[in-house]
Structure formats: structure tokens, C-alpha cells
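Numbering (my numbering), first residue to last: 3 to 127.
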């Protein structure tokens, strides 16, 4: 959507989202992605370590299979949950685009000691 249309829609919106609250929600979303990814990585590492350990101790394949299946199912469920979170994130973004913050770039707040009443957009790249 062109920036002018976004600015017009933002100015006319009846949904008023506080800038700092929106920024906090964005930061929380980023943290959730990082945590989900870390959990998947650790689960996959554990699975690999369990397979290597089973091999090293001479565990019969049929005995380890149930464990490996459980760990794989756990990682798969986490990845499915991440996909659901992406869907929720897209929905939240769509809602934000209907608020007074539709044109806001959440990447930049003014310095903490700034006397600015309303944050202004800043170039980030």
C-alpha cells in the first residue's frame, strides 16, 4: 500500500493504538519467535544426541524407536505451533494496519530522555 494511503487511513482511524504499546507488542513477538526457534533447535539437538547415545551404548533399534518418534513428534508439533503463531502475527499486523499506527515503523523510538511528546519516524537503513 502506498505510504500516502497508509498515512490517510492512519489519520482517520478510530482504532487508537499507543505507540509504545505497539512497540512493546512487536518486541514481544520477536522474543516469541526467538524462543520458539531455540526450543525447536534444542529438541532437534536432543534427538540427535539421543540417537548417537543409543548407538554408542548398543541400544537395540526397536527400543530407541519409540523415544526417537516421541522427540520427532515434539519438534514437529513445535514447528506446527510456530506456523500457527505466524498466522496470528499476520492477523495482528492486519489489525494494526487499521489503527492510527498503520504507517508506523516500530524499529525506532526517540531517545529515552527526549522531550518529544509523539514519537517520529526515523530512517533505519
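No residue lacks a Cβ here, since even glycine has one placed at the ideal position from N, Cα and C. Please read all numbers here as calculations on a predicted model, not as lab measurements.
**Request:** Return the chain-ordered list of same chain residues with a C-beta closer than 8 Å to the C-beta of residue 127, the five sequence neighbours on each side being excluded.
**Result:** Reliability of the predicted coordinates at residue 127 is poor, the pLDDT of 43 falling under 50, and the value obtained from them is presented with this limitation in mind. Taken in chain order, the list of residues that qualify is empty.
**Request:** Could you pull the start and end residues of the alpha helix (DSSP H) that residue 80 belongs to?
**Result:** 63-98
**Message:** What does the alpha-carbon distance come out to for the pair residue 118 and residue 105?
**Reply:** Caution applies to residue 118, whose pLDDT of 48 falls short of 50 and renders its modelled position unreliable; the model cannot decide the point.
**Request:** Could you round the C-beta distance between residue 56 and residue 66 to whole angstroms and report it? I think they count as a contact, below 8 Å.
**Result:** 4 Å
**Request:** Within 10 angstroms of the Cβ of residue 5, are there 16 or more other Cβ atoms? Answer buried if so, exposed if not.
**Result:** exposed
**For residue 74, the nearest candidate out of 100, 43, 59 (CA to CA)** = 43
**Request:** Using the Cα positions of residue 45 and residue 58, report the straight-line distance between them to the nearest angstrom.
**Result:** 20 Å
**Prompt:** Between residue 87 and residue 34, which are expected to be in contact by the criterion C-beta below 8 Å, what is the C-beta distance as a whole number of angstroms?
**Reply:** 7 Å
**Of the residues 37, 30, 19, 97, the one placed nearest residue 84, counting alpha carbons only** = 37
**Item:** Contacts around residue 80, its chain only, beta-carbon distance under 8 Å, and the 5 residues preceding and following it disregarded
**Value:** 38, 41, 42, 45
**Asked** Which of the three DSSP states, helix, strand or coil, is assigned to residue 19?
**Response** In the structure shown, residue 19 sits in coil (DSSP, three-state: anything other than H, G, I, E or B).
**Request:** Along the alpha helix (DSSP H) that carries residue 13, what are the first and last residues, could you check?
**Result:** 5-14
**Asked** Where does residue 33 sit, in a helix, a strand or coil, going by DSSP?
**Response** Three-state result, residue 33: helix.
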